[in-house]
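**Q** Input: one structure, supplied below.
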Amino acid sequence: MPLLSVDGLSVAFPGHAAVREASFSLAAGETLALVGESGCGKSVTAFSVMRLLPPNARVVSGRILLEGADLLALSESEMREVRGAQVSLIQQEPMTSLNPVLSIGLQIAEVIRRHEKLSRKAARARAVELLDLVSIPDAHRRIDDYPHNLSGGMRQRVMIAMAVACRPKLLIADEPTTALDVTTQAQVLDLLDDLRHRLGMAVLLITHDLGVVAQWADRIAVMYAGRIVEQAGIEPFFAAPLHPYSRGLLGARVDVDADEHYSTHRLTEIPGNVGSAAGQAGCSFAPRCPVAQPACRQAVPPLVGLGDERAVACPVTVSSHSSPLLGGEAR
Amino acid sequence: MTPLLSVRDLHTRYAVGKQVLRAVDGVSFEVGRGETVGLVGESGCGKSTLGKTVLRLVPSAEGTIELDGADITRLGDRAMAPHRRRMQMVFQDPFGSLNPRHTIRALLDTALRVHRVSDAAERDRRVHETIAKVGLPVDSLDRYPHEFSGGQRQRIGIARALILRPALIVCDEPVSALDVSIQAQILNLLVDLKRELGLAYLFISHDLGVVRYFADRVLVMYFGRIVESASYATLWRDPRHPYTKALFAALPSADPTHKRGEPPIKGELVTTEQVRGCRFHSRCPAATDRCRAEEPVLRPLGEGHHAACHYA
Chain Z
2 MPLLSVDGLS VAFPGHAAVR EASFSLAAGE TLALVGESGC GKSVTAFSVM RLLPPNARVV
62 SGRILLEGAD LLALSESEMR EVRGAQVSLI QQEPMTSLNP VLSIGLQIAE VIRRHEKLSR
122 KAARARAVEL LDLVSIPDAH RRIDDYPHNL SGGMRQRVMI AMAVACRPKL LIADEPTTAL
182 DVTTQAQVLD LLDDLRHRLG MAVLLITHDL GVVAQWADRI AVMYAGRIVE QAGIEPFFAA
242 PLHPYSRGLL GARVDVDADE HYSTHRLTEI PGNVGSAAGQ AGCSFAPRCP VAQPACRQAV
302 PPLVGLGDER AVACPVTVSS HSSPLLGGEA R
Chain W
4 MTPLLSVRDL HTRYAVGKQV LRAVDGVSFE VGRGETVGLV GESGCGKSTL GKTVLRLVPS
64 AEGTIELDGA DITRLGDRAM APHRRRMQMV FQDPFGSLNP RHTIRALLDT ALRVHRVSDA
124 AERDRRVHET IAKVGLPVDS LDRYPHEFSG GQRQRIGIAR ALILRPALIV CDEPVSALDV
184 SIQAQILNLL VDLKRELGLA YLFISHDLGV VRYFADRVLV MYFGRIVESA SYATLWRDPR
244 HPYTKALFAA LPSADPTHKR GEPPIKGELV TTEQVRGCRF HSRCPAATDR CRAEEPVLRP
304 LGEGHHAACH YA
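So the sequence lines, in the order shown, correspond to chains Z and W.
The numbers in our numbering rise by one with no breaks, and the one at position 133 of the first sequence is 134.
The numbers in our numbering rise by one with no breaks, and the one at position 256 of the second sequence is 259.
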């Protein structure tokens with residue numbers, strides 16, 4: 002049984018479907034990257050798992066199973082026991098997630114004491130251990146610092162310490178390094194990766210950066226306009242992305258490994274924008290897609306499994322794919 | 004031939020409480036006609052302040068700024084006006100820099116009127132010409148900024164900079180707020196405009212990958228100073244400053260079989276401390292006693308390559 006199984010999740014805001022029939026699963030200890038551009042529904046998906054959607058959002062359908070138990074069926078007080086203890090969340094901007102008038106030690110201890118019966122003193126000792134765990138130097142001294150005393154990278158480490166304080170089985174990291182500098186980004190992602198091995202924790206990594214995905218994830222799910230359009234293991238995906246949108250994303254990115262320069266190489270554009278398909282039937286990517294067929298504008302393409310944990314929601318790709326992944330007989 | 008822009012020993016200081024923050028601390032560089040100079044560094048290194056100081060949007064404390072050989076460092080508003088037209092800026096967040104209550108036509112027309120293009124027919128002609136140049140349909144002119152997507156707004160921001168026919172555009176993180184698929188559109192547009200109009204860019208970004216792709220020459224900035232400068236190809240092939248090497252090493256490769264090493268540097272840029280010696284020494288894996296005592300100067304390494312490291 003997978004640790005987390007999201008099954009046919011649809012979430013709507015008034016007049017806008019943010020997530021549409023998203024299904025994916027996450028095994029214990031695995032890092033799954035949920036990738037897409039702003040507004041594609043990746044953060045809404047993450048917040049649905051935490052049951053922290055804004056009041057005007059509504060889960061239209063679907064189930065979110067954590068070790069088989071449907072989180073959507075829990076009462077609010079039951080859900081409070083899950084958050085922080087079994088599933089926790091870190092966000093892009095740690096400064097806005099931390100309380101500016103409480104020391105970081107108190108904030109970490111608060112999380113521990115919410116879920117475990119511990120004295121203040123014992124909780125404080127655990128908080129020091131946690132700061133140590135996330136490699137904050139001089140933990141016993143820094144524990145009385147306030148968030149504004151810390152740099153952006155250090156604040157994100159504090160957020161991670163709070164998130165893993167009760168050893169959750171799943172950590173949701175929503176653009177955890179987008180606000181950080183590139184040298185700090187590598188340090189923080191290495192820390193997350195190290196912790197997931199040491200604590201046996203699964204990570205749902207929400208990001209728009211394919212470089213981050215390639216270096217720190219096991220599997221990828223690509224979202225476009227609320228739907229998952231491709232799922233794959235990391236190596237097969239980067240060796241040959243299948244969905245036209247996935248291919249476009251990789252082509253549009255400045256490739257740091259290749260010797261690309263504007264004077265000799267033009268970046269591949271994906272024409273138009275996500276809004277191009279507003280109000281149209283069929284595949285949302287069709288108006289921007291270089292291989293779209295008339296049929297693409299008729300019906301929403303389903304996510305079709307190609308074996309080897311690979312799936313793609315594009316009939317053109319599926320039919321042209323001579324099924325070698327299925328060990329197929331196509332010649 | 005005099006360079007288009009020539010900056011000598013420029014300093015910009017901010018008062019932070021009782022302390023003085025030396026955001027730009029003795030920077031010299033040039034931008035040639037039609038050249039793209041990339042300015043890369045982490046947040047707080049002073050790169051945006053440098054861009055704004057060059058445009059005279061922030062006052063400098065010391066040093067000189069020359070545009071086309073004319074010293075503009077201390078010109079008053081009136082004397083500055085003709086020079087302002089020659090150098091324009093494109094911002095990271097186009098929405099924050101566009102008046103929400105003005106149509107695009109009004110935004111563009113205002114820029115021309117401020118710069119005393121008095122013939123209404125001529126203004127109208129240039130508004131139409133410019134909106135076409137940035138790839139937006141003519142009917143965009145009568146719409147408001149909120150009706151556009153992020154990428155379209157950045158096109159409007161570029162149109163506003165372009166309409167005065169500048170020789171230099173300072174682009175401050177112009178694609179950082181945009182999605183990858185839109186970034187490529189905007190970068191391609193900037194390349195096209197440069198080719199068509201002979202524009203020079205000072206391209207400010209935290210993203211070394213984008214800078215290396217887009218710039219002819221790259222300046223690497225750390226803690227108020229340029230620590231390395233070279234042509235894009237030289238910098239890519241042979242980075243000499245440990246900080247530049249660390250920036251390259253930290254760029255995540257989109258090839259999962261390309262295994263990353265340990266992060267080469269630890270810690271973060273702290274701008275509030277007074278540092279003796281090299282500003283980078285506390286994070287540098289190769290720092291020696293000399294680095295802790297003596298600040299390295301930017302010295303030539305041949306072929307226009309400079310680095311501020313005792314051991315480069």
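All C-beta atoms in this analysis are idealised placements derived from N, C-alpha and C, irrespective of residue type, glycine included.
Measuring only the C-alpha atoms, how far is Z/V159 from W/T15?
**A** Taking the straight line joining both Cα atoms gives about 34 Å.
**Q** Under 7 Å Cβ-Cβ, which residues of chain Z neighbour W/L101?
**A** Per Cβ cutoff of 7 Å: no residues; W/L101 is ~18 Å from chain Z at best.
**Q** Could you check if W/G307 is buried or exposed, using at least 16 other CB atoms within 10 Å of its CB as the buried criterion?
**A** Looking at its Cβ environment, which holds fewer than 16 other Cβ atoms inside 10 Å, W/G307 is exposed.
**Q** Once DSSP output is grouped into helix, strand and coil, what is the label at Z/M163?
**A** In this structure, Z/M163 counts as helix in the three-state DSSP scheme.
**Q** Taking only three categories from DSSP, how would you classify Z/S98?
**A** In the structure shown, Z/S98 sits in a helix (DSSP, three-state: H, G or I).
**Q** Taking the alpha helix (DSSP H) that W/R215 belongs to, which residues open and close that run?
**A** Segment L211 to F217, the alpha helix (DSSP H) holding W/R215.
**Q** What residues in its chain sit with their C-beta under 6 Å from that of Z/A13, if we drop five residues either side in the sequence?
**A** So the qualifying residues of the chain are R59 and V61.
**Q** Along chain Z, which residues have their Cβ under 7 Å away from the Cβ of W/Q188?
**A** Going along chain Z in sequence order, the residues near W/Q188 (Cβ under 7 Å) are E270.
**Q** Buried or exposed for Z/R220, please, with buried defined as at least 16 other CB atoms from any protein chain shown within 10 angstroms of its CB.
**A** So Z/R220 ends up on the buried side.
**Q** Mind listing the chain W neighbours of Z/R156? Cutoff is C-beta to C-beta under 9 Å, in chain order.
**A** Near Z/R156 there are no residues of chain W at all, since even the closest Cβ is about 11 Å away, more than 9 Å.
**Q** What does W/R263 reach in chain Z if we use C-beta pairs closer than 8 Å?
**A** Within 8 Å Cβ-Cβ: A187 and Q216.
**Q** Assuming W/F206 is part of the beta strand (DSSP E), what are its boundary residues?
**A** Where W/F206 is concerned, the enclosing beta strand (DSSP E) stretches over A203 to S208.
**Q** Got a sec: which bits of the region 216-234 of chain W sit with their beta carbon under 9 Å from any beta carbon on chain Z, in order along the chain?
**A** Listed in sequence order: Y216, F217, A218 and D219.
**Q** Only counting the same chain, and skipping five residues up and downstream in sequence, which positions put a Cβ closer than 8 Å to that of Z/P98?
**A** Looking at the sequence itself, residue 98 of chain Z is Ser, so the reference to Pro does not match. If we look at Z/S98 and ignore the five residues flanking it on each side, its Cβ neighbours are I91, Q92 and M160.
**Q** Should W/T260 be flagged as near chain Z, meaning a C-beta pair shorter than 8 Å?
**A** By this cut-off, W/T260 is an interface position.
**Q** What are the boundary residues of the alpha helix (DSSP H) that W/A187 is part of?
**A** Note, W/A187: alpha helix (DSSP H), V183 to L200.
**Q** Could you check where the beta strand (DSSP E) with Z/S62 kicks off and where it finishes?
**A** Residues R59 to L67.
**Q** From which residue to which residue does the alpha helix (DSSP H) around Z/M80 run?
**A** From DSSP, the alpha helix (DSSP H) with Z/M80 extends over E77 to V83.
**Q** Give me the Cα-Cα distance between Z/P272 and W/V183, rounded to the nearest whole angstrom.
**A** In a straight line, the C-alpha of Z/P272 is about 12 Å away from that of W/V183.
**Q** Touching or not, the region 34-47 of chain W and the region 89-100 of chain W, by the rule of three or more beta carbon pairs under 8 Å?
**A** With the cut-off at 8 Å, the region 34-47 of chain W and the region 89-100 of chain W do not touch.
**Q** Using a Cβ-Cβ cutoff of 8 Å, what residues of the region 127-155 of chain Z are near chain W? List them in chain order.
**A** Under the 8 Å Cβ criterion, the region 127-155 of chain Z contributes S152, G153, G154 and M155.
**Q** So is Z/E330 buried or exposed if we call it buried at 16+ other beta carbons inside 10 Å?
**A** With a pLDDT of only 37 at Z/E330, under the threshold of 50, the placement of this residue in the model should not be trusted; the figure read from the coordinates follows. The residue in question, Z/E330, is exposed, as its Cβ has fewer than 16 Cβ neighbours within 10 Å.
**Q** Which full runs of the alpha helix (DSSP H) of 4+ residues lie inside the region 150-219 of chain Z, going along the chain?
**A** DSSP runs (the alpha helix (DSSP H)) wholly in the region 150-219 of chain Z: 153-165, 183-200 and 211-217.
**Q** Is W/V178 near W/L190, with beta carbons less than 8 Å apart?
**A** Yes; because the gap between Cβ atoms is below 8 Å, this pair is in contact.
**Q** For the region 166-175 of chain Z against the region 189-207 of chain Z, are there 3 or more C-beta pairs whose distance is under 8 Å?
**A** Yes, the region 166-175 of chain Z touches the region 189-207 of chain Z.
**Q** With DSSP as the reference, please indicate the residues paired to W/V23 in a beta bridge.
**A** W/V23 pairs with W/A18.
**Q** W/A289 CB to nearest chain Z CB: under 8 Å?
**A** Not one chain Z Cβ lies under 8 Å of W/A289.
**Q** With a threshold of 8 Å between beta-carbons, can W/T249 be considered close to chain Z, or not?
**A** Per the sequence shown, residue 249 of chain W should be read as Ala rather than Thr. True, the Cβ-Cβ gap to chain Z drops below 8 Å.
**Q** Flag this pair as touching only if the region 69-88 of chain Z and the region 45-53 of chain Z have three or more C-beta atom pairs under 8 Å; answer yes or no.
**A** Verdict: yes, contact present.
**Q** With 16 other CB atoms within 10 Å as the buried threshold, where does Z/S11 fall?
**A** The residue in question, Z/S11, is buried, as its Cβ has 16 or more Cβ neighbours within 10 Å.
**Q** Anything in the region 290-313 of chain W with a Cβ closer than 8 Å to a Cβ of chain Z? List those residues in chain order, please.
**A** The region 290-313 of chain W vs chain Z, Cβ under 8 Å: nothing.
**Q** Looking only at C-alpha atoms, which of Z/R267, Z/R168 and Z/R121 sits nearest to Z/Q87?
**A** Of the listed residues, the one whose Cα sits closest to Z/Q87 is Z/R168.
**Q** Could you name the residues of chain W that Z/I235 contacts, counting a contact when the two beta carbons are closer than 8 Å?
**A** Within chain W, the residues near Z/I235 are P259.
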